[in-house]
Amino acid sequence: MNYKLEDLEIYNLAEIISDKIWNIVVNWEYLAKDTIGKQLCRAADSISANIAEGYGRFHYKENKNFCYYSRGSILEVKSFLRKSKNRNLIPEEIYAELYAELQTIHLKLNAYIKYIGKNLNKT
Numbered sequence: 205m206n207y208k209l210e211d212l213e214i215y216n217l218a219e220i221i222s223d224k225i226w227n228i229v230v231n232w233e234y235l236a237k238d239t240i241g242k243q244l245c246r247a248a249d250s251i252s253a254n255i256a257e258g259y260g261r262f263h264y265k266e267n268k269n270f271c272y273y274s275r276g277s278i279l280e281v282k283s284f285l286r287k288s289k290n291r292n293l294i295p296e297e298i299y300a301e302l303y304a305e306l307q308t309i310h311l312k313l314n315a316y317i318k319y320i321g322k323n324l325n326k327t
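When the sequence shown is numbered by the numbering used here, its final residue is 327 and no position is left out of the sequence of numbers.
In structure tokens, the structure reads:
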């Protein structure tokens, strides 16, 4: 059975949250958009981008390494979201919603990394 990248739930969830974040940041004023906004969007886009790059690699070990980069990006997004909330760029309820989604993505990514690790140990 051949799986496509788009069949990975973790990839799709990461794509959805990066689009949500983009749609928030695009409405910010110039200073906020140019500073924290660009970094927040890049970090959010990096979650799914690293999952995709790892998925396209030939070896499980490389896939796992890119998933670790993706996990780092999740933490980076969480940090920028806190800054955004503290600087009154996003309301508390939007922050809480996005943070909860990131928590789910984080847990599912950990499960995917564990799955990759099991396949790595088989080869």
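For every residue, glycine included, the Cβ atom is placed at its ideal position computed from N, Cα and C.
Computed from a prediction, not measured in an experiment: that's the story for all the values here.
For residue 275, the enclosing alpha helix (DSSP H) stretches over residues 264–290. Taking residue 254 as reference, the option from 322, 241, 222, 295 with the minimal CA-CA separation is 222. As the crow flies, the alpha-carbon of residue 281 is around 6 Å from that of residue 248.
Exposed is the label assigned to residue 311, since fewer than 16 other Cβ atoms lie within 10 Å of its Cβ. Look at the beta carbons and you see the region 221–236 touching the region 285–295: at least three pairs across the two are nearer than 8 Å.
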